[in-house]
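Quick notes on the structure that follows.
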Amino acid sequence: MKSNHKISLPLLSAPNAVVQSRSPTTTMAAMARFFRSSSSAIRRSMSTAAAGELKSQPCPRRIDPKARNVQWVFLGCPGVGKGTYASRLSVLLGVPHIATGDLVREELSSAGPLSKQLADIVNQGKLVSDEIIINLLSKRLEMGEAKGESGFILDGFPRTVRQAEILDDVTDIELVVNLKLPETVLLEKCLGRRICSQCGKNFNVASINVKGEKGNPDISMAPLLPPSHCVSKLITRSDDTETIVKERLRIYNEKSQPVEDFYRGQGKLVEFDLPGGIPDSWPKLLEALNLDENEDKQSATA
Ligand SMILES: [Zn+2]
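The numbers in UniProt numbering rise by one with no breaks, and the one at position 36 of the sequence shown is 36.
Okay, here's the thing in structure tokens:
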């Protein structure tokens, strides 16, 4: 069992839990440097496909990430599966999927400069501050820039309007995808989550069939069952209880509303109601984003 499997990463940063290893000015400056260095190319290539127009305007059939510099943010409740979709899209588009939760976990398991400090914070049940998240993200982006990465899909950031404003000061976020599922589905999904204590893979034992709300079609999701060698090693996260999940959703909704409004006001927010599990949702999501699963093959003849 991984020693950190019980760590529940906080959804939100709290101003009263600020722990700084470097001055925020330094880390934000570093972040700003990164974003500025890539933003001119982005501005040049920003197409007219502003997010708000995606649904109503015909967009180019293909999105060439090299020409467009995908700089996307994924929003969504805990348990909605945004990591899964963000990760798949990052593979399709050839840009990194950067999850701030992963950055924190990686730092925790490393001997990095923040690992001890982070361990103290999470062991005391405190929340990881904006400054630490920004510090980690900034390091990650600088590393990516050095490797020649173009664009990114952010997952787990920004979580506050303040963080969104920091991003906005220094770059053009092109698109913000807000993935949604009814609360009943989210709850069942979270309660069905299992992790293999040996290989660390995630599974879900819930077989979901929920009646659609407001005349929408029913939502069905098949379980994601583990292979036989993982079955006996499955564990449930200690914070995947009904009470905690409901509270997590309540806090998320309360705190995410201003961030959604922020991007809605900029015309960048795309709301996407997931119609079911991955097999149903993936093609529809691609359609909503004007993407094609087979773009690599097509690009040769385009
Ligand atoms: Zn396993």
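The C-beta atom is built at its ideal place from N, Cα and C for all residues, glycine as well.
Distance from the Cα of isoleucine 195 is smallest, within the candidate group Leu291, Leu225 and Arg264, for Leu225. Here serine 238 is exposed: its Cβ has fewer than 16 other Cβ atoms, across all protein chains shown, within 10 Å. Of the candidates Val128, Asn294 and Pro158, the residue whose Cα lies closest to the Cα of leucine 175 is Pro158. The Cβ-Cβ distance between glycine 76 and leucine 179 falls below 9 Å.
Valine 177 has Phe74 and Val270 as its beta-bridge partners, per DSSP.
By the CB criterion at 9 Å, valine 270 and isoleucine 173 fall outside the cutoff. Not one heavy atom of ligand 1 lies closer than 8 Å to the C-beta of proline 223.
Residue burial is scored here from C-beta neighbours: alanine 146 has fewer than 16 other C-beta atoms within 10 angstroms and is therefore classed as exposed. Between the alpha carbons of alanine 111 and lysine 211 lies a distance of about 48 Å. Per DSSP, the unbroken alpha helix (DSSP H) holding asparagine 123 starts and ends at 115 to 123.
Remark: the shortest separation between the CB of glycine 200 and any heavy atom of ligand 1 falls under 8 Å. In this structure, serine 220 and isoleucine 235 do not form a Cβ contact; the two beta carbons are roughly 26 Å apart against a cut-off of 8 Å. One thing to note: glycine 148 has its Cβ no nearer than 9 Å to the Cβ of isoleucine 98.
The Cβ atoms of leucine 89 and leucine 285 lie closer than 9 Å to each other. The shortest C-alpha to C-alpha distance from glutamine 257 to any of Ala164, Lys139, Arg193 and Glu242 is the one to Ala164. Between leucine 103 and alanine 119, the gap from beta carbon to beta carbon reaches 9 Å or more. Here the alpha carbons of valine 259 and valine 170 stand approximately 17 Å from one another.
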